[in-house]
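Shown next, in structure tokens, is the structure this report addresses.
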Amino acid sequence: MDKFKHELKWGAIFTLVMLIWMMFERIMGWHTTNIANHATASLFFALPAIAVFVAALLEKRKKAYSGVMTWRQGVICGFYITIVIVLLNPLAQIIIHTVITPDYLQNMIEYSVSSGVLERDEAEAYFSLTNYMVQGVIGTFFMGVVTSAVVAAFIRKSKD
Numbered sequence: 032m033d034k035f036k037h038e039l040k041w042g043a044i045f046t047l048v049m050l051i052w053m054m055f056e057r058i059m060g061w062h063t064t065n066i067a068n069h070a071t072a073s074l075f076f077a078l079p080a081i082a083v084f085v086a087a088l089l090e091k092r093k094k095a096y097s098g099v100m101t102w103r104q105g106v107i108c109g110f111y112i113t114i115v116i117v118l119l120n121p122l123a124q125i126i127i128h129t130v131i132t133p134d135y136l137q138n139m140i141e142y143s144v145s146s147g148v149l150e151r152d153e154a155e156a157y158f159s160l161t162n163y164m165v166q167g168v169i170g171t172f173f174m175g176v177v178t179s180a181v182v183a184a185f186i187r188k189s190k191d
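Take a look at the structure:
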């Protein structure tokens, strides 16, 4: 377990940042009065998400590899961080939808039906905790792997 201490730490930090972001979204009204802006506004989560991966890989490069890291080492580190985030995601979804913003899913159902985007049965199926847990796991895995590969390309550093 000590071997993955760094990845466990940064996976937990990422999850905490995600929970804080969800509080921010709620405060901004993107789960209620400004729900029409939610899809666009939530894209900005990419900024803190990438920042966490950059910080994690920089720390790994400095502490584990004496300032030298290959792209492969960065991708492997990012992959393990992603696995931690994926494993924590269902719990994070429960916290988000029961504690942080318990009305979000129902608000999205009502908004998508009233705006003509989805029929009620489609909206209820899509905006459910179970579906968000599944989407969270799949989406997190995909985005984590891609982010790891891209960030590792910029973080890599060879011996001088």
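Numbers in this note's numbering are just positions in the sequence shown, counted from 1, shifted up by 31.
Here a beta-carbon is modelled for each residue, glycine too, at the ideal position from N, C-alpha and C.
- Counting only runs of 4+ residues, the alpha helix (DSSP H) found wholly inside the region 50-116 occupies 69-72, 77-95, in chain order.
- By the Cβ criterion, the region 158-172 is not in contact with the region 56-67, since fewer than three pairs of Cβ atoms, one from each stretch, lie closer than 8 Å.
- Taking one beta carbon from each stretch, the region 168-182 and the region 101-113 have 3 or more pairs nearer than 8 Å; the two touch.
- According to the DSSP assignment, I186 belongs to the alpha helix (DSSP H) that extends over 160-186.
- Using a C-beta cut-off of 8 Å, the region 134-141 makes no contact with the region 80-95, since fewer than three inter-stretch Cβ pairs fall below that distance.
- Closest in C-alpha terms to P133, from the list E56, G147, S189, H37, comes E56.
- Here E38 is buried, its C-beta having at least 16 other C-beta atoms within 10 Å.
- Within the same chain, and ignoring the five residues on either side of G167 in sequence, the residues whose Cβ sits closer than 6 Å to its Cβ are N120, Q124.
- From the listed residues M53, R151, I131, the smallest Cα separation to A70 is found for M53.
- In this structure, the CA atom of I58 is about 14 Å from the CA atom of M49.
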